[in-house]
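When you number the sequence shown by my numbering, it's gap-free, plus one each residue, and the end is 126.
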Amino acid sequence: MAEHDQAEIEKLLGRYFDGLYNSDSAMLRTVFHDDLVYVNGTAGDYEIKGLEAYMARIDKRTPPVSRGDAREEQIERITLKGDRIGIVEARMTMMGRNYQDLLTLINTDDGWRVLTKVFSFVERKG
């Protein structure tokens, strides 16, 4: 993986984590592709949305930062296939949940963007 791609993707993921924690749809729009597919794969909570429906949900959410929610995140793996597509495995803890994300990336004229977000979560214990 080229160093400039690695750096750009890490910055993208920084905005992703910050945007989620702050419920900042404007920031998240710089992360997601216009054709985003959002899939909650959690058992009993399966749903699929596009970008606008997901951003509407973000706009209605009480930002975790405003509640002082604990926040923890980690990029577990970045894998690129050539210079146009890739996948990220990441995790984030917030809102009393442990999230596991699989994010597919596409390199656009505007740089790397998340094209699909497939995730699941489990409630935190204690």
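Note that CB positions come from ideal geometry on N, CA and C, so glycine has one too.
Relative to the C-alpha of Arg-77, which residue among Ala-53, Asp-69, Thr-104 is closest? Against the sequence shown, residue 77 aligns to sequence position 77. The candidate whose alpha carbon is nearest that of Arg-77 is Thr-104.
Does the distance from the C-beta atom of Leu-36 to that of Ile-75 stay below 8 Å? Within the sequence shown, numbered from 1, the residue matching residue 36 stands at position 36. Within the sequence shown, numbered from 1, the residue matching residue 75 stands at position 75. No; because the gap between Cβ atoms is not below 8 Å, this pair is not in contact.
Check whether the Cβ of Gly-44 sits closer than 7 Å to any heavy atom of the ligand NAD, and report yes or no. Inclusion of the ligand NAD in the displayed structure is not the case, the ligand content being empty and no account of it being possible.
For Asp-69, which residues from the same chain have a beta carbon less than 7 Å from its beta carbon, with the 5 sequence-adjacent residues on both sides left out? For this step, residue 69 is matched to residue 69 along the sequence shown. Result list for Asp-69: Met-94, Met-95, in chain order.
So for Arg-113, helix, strand or coil by DSSP? Taking the sequence shown and counting its residues from 1, the one referred to as residue 113 is at position 113. Of the three classes helix, strand and coil, the one that applies to Arg-113 here is strand, per DSSP.
Helix, strand or coil, according to DSSP, for Arg-29 in the structure here? Reading the sequence shown from its first residue, position 29 is the one you call residue 29. Of the three classes helix, strand and coil, the one that applies to Arg-29 here is coil, per DSSP.
Ala-2 classed as buried or exposed, judged by whether at least 16 other C-beta atoms fall within 10 angstroms: The residue you call residue 2 lines up with position 2 of the sequence shown. When all chains shown are included, Ala-2 counts as exposed.
Note down the Cα distance separating Met-27 from Ile-106, rounded to an integer number of angstroms. Here residue 27 is taken as the residue at index 27 of the sequence shown, counted from 1. Here residue 106 is taken as the residue at index 106 of the sequence shown, counted from 1. Going from the Cα of Met-27 to the Cα of Ile-106 covers about 18 Å.
Skipping 5 residues on each side, what residues in its chain have a beta carbon closer than 6 Å to that of Tyr-54? Within the sequence shown, numbered from 1, the residue matching residue 54 stands at position 54. Contacts found: Tyr-38.
Within this structure, are the beta carbons of Val-122 and Asn-98 separated by less than 8 Å? In the sequence shown, counting from the first residue as 1, residue 122 sits at position 122. In the sequence shown, counting from the first residue as 1, residue 98 sits at position 98. Yes.
If you drop the 5 nearest sequence neighbours on each side, which residues of the same chain put their C-beta closer than 6 Å to that of Arg-71? Taking the first residue of the sequence shown as position 1, residue 71 is located at position 71. Cβ within range, chain order: Tyr-21, Met-94.
Under DSSP, the beta strand (DSSP E) around Lys-81 begins and ends at which residues? One-based indexing of the sequence shown puts residue 81 at position 81. Element bounds for Lys-81: 72 to 81.
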